[in-house]
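My numbering applies: residue 147 is where the sequence shown begins, and numbers increase by one.
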Amino acid sequence: MIRTEQLPNPEGDHLLASFLIFFRESLEASMICSIMLAYLKQIGRHDRFKDVWIGIGVAIATAFVGGWIVFTTLRNYDGSNLQNEIEGATYFIAAAVLTYMTFWMKKQSRNLKAHLHAKMQVALTSGSIFAIAFIAFLTVGREGLETVVFMIAIAFHANPLLLAMGAGLGIAAGLSLSYFIYILGRRIQLKSFFAIMGALLMLFAAGLLADGVEAFQQLGWLPIGQQKLWSTATVLSENSTLGDILHSFFGYSESPTSLQIALYILYVSVALWFFLKTAQRKHLLK
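Written as structure tokens, this is what we have:
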């Protein structure tokens with residue numbers, strides 16, 4: 147985000163941000179991949195485990211190389227107007243991607259396991275050695291693409307080593323929780339899990355939208371709705387560790403503009419209404 151003040155502990159905040167992003171993405175990807183491996187084990191096709199791991203490996207390598215190229219290129223413009231413009235645009239893109247993926251996962255969660263089983267059965271009967279690997283590649287690759295988009299906004303200001311540390315810890319935590327959920331098996335309802343996570347992620351998307359509005363207003367690209375409604379700087383400053391975390395993940399602003407508040411409320415109201423309406427309709431159709 148465009149700031150003139152120096153944060154007291156930006157490194158710690160960026161490490162936490164990196165951790166949370168990689169935790170969420172690795173959790174979702176590993177849960178889906180675990181369903182694939184469990185199905186292969188169930189039907190006695192241990193020989194196709196390697197296909198899943200090949201797809202996962204290629205997807206991780208592709209995301210890593212692509213992310214490295216993007217970040218290396220963009221860091222050449224550190225401190226420039228282009229950097230600020232890219233950051234502002236990234237918030238809107240990330241909000242759109244997160245909204246789409248939240249509704250997609252909500253739609254898929256009801257029959258996610260059956261859907262994956264059907265796709266894998268088709269892949270097995272096709273005889274192609276790449277079919278199952280491609281399913282795993284798409285699953286992990288989608289999460290990798292999301293991760294790259296979400297990380298762009300903080301890559302300009304963060305220490306690469308701390309970003310890597312946060313990413314490593316996030317991946318480890320996501321894989322551990324996924325394994326724990328997998329071990330518990332039937333005691334956890336994936337539909338309920340993704341519903342709760344989806345509602346929280348939409349608050350995150352609303353925050354990204356508010357951050358994007360703030361960035362574009364500071365660039366002078368959104369001249370409307372710039373009136374400051376209030377100030378909570380004395381209570382919780384954006385320059386504090388907690389304030390910066392809330393700003394990064396939920397769009398907290400110590401001096402929000404009328405446009406920020408209006409779009410935040412509009413997005414949360416509309417998105418949650420459709421999200422809950424979809425859940426209620428599925429419940430009635432049972």
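Glycine is no exception: its CB is placed at the ideal position from the N, C-alpha and C atoms.
{"Item": "Residues near His393 by beta carbon distance below 6 Å, same chain, minus five either side", "Value": "Glu384"}
{"Item": "Supposed contact pair Ala269 and Ile278 - C-beta distance, whole angstroms, cut 8 Å", "Value": "5 Å"}
{"Item": "Check whether Gly110 and Ser172 have beta carbons under 8 Å apart", "Value": "Not covered by the structure: residue 110. The range shown for the chain is 147 to 432."}
{"Item": "Alpha carbon of Met251 to alpha carbon of Leu162, nearest angstrom", "Value": "25 Å"}
{"Item": "Cα-Cα separation between Gly371 and Phe280, rounded to whole angstroms", "Value": "47 Å"}
{"Item": "Pairwise C-alpha distance: Tyr237 and Leu368", "Value": "15 Å"}
{"Item": "Local conformation of Thr378 per DSSP, three classes", "Value": "coil"}
{"Item": "Phe168 classed as buried or exposed, judged by whether at least 16 other C-beta atoms fall within 10 angstroms", "Value": "buried"}
{"Item": "Minimum C-alpha distance to Thr403 - residue among Val381, Ser377, Asp390", "Value": "Ser377"}
{"Item": "Minimum C-alpha distance to Ile329 - residue among Met348, Leu166, Ser164, Ser180", "Value": "Ser180"}
{"Item": "Cβ pair Val243, Val295 closer than 8 Å", "Value": "yes"}
{"Item": "Paired residues, beta bridge with Thr403 - DSSP", "Value": "Lys374"}
{"Item": "Environment of Phe326 [buried if 16+ CB atoms lie within 10 Å]", "Value": "exposed"}
{"Item": "Trp367: first and last residue of the uninterrupted alpha helix (DSSP H) it sits in", "Value": "Counting along the chain, Trp367 falls outside any alpha helix (DSSP H), and DSSP gives it neither H nor E."}
{"Item": "Whole-angstrom distance between Ala408 and Lys109, CA atom to CA atom", "Value": "Because the chain in this structure spans residues 147 to 432, residue 109 falls outside the shown range and cannot be described."}
{"Item": "Coarse secondary structure for Gly397, derived from DSSP in three states", "Value": "coil"}
{"Item": "Status (buried if at least 16 other CB within 10 Å, exposed otherwise) for Tyr246", "Value": "exposed"}
{"Item": "Beta-carbon gap between Phe396 and Gly353 smaller than 8 Å", "Value": "yes"}
{"Item": "Range covered by the alpha helix (DSSP H) that runs through Arg221", "Value": "195–221"}
{"Item": "Whole-angstrom C-beta distance between Ser322 and Met177, which should lie under 8 Å", "Value": "Between Ser322 and Met177 the Cβ distance is about 12 Å, and since that is not below 8 Å, they are no contact."}
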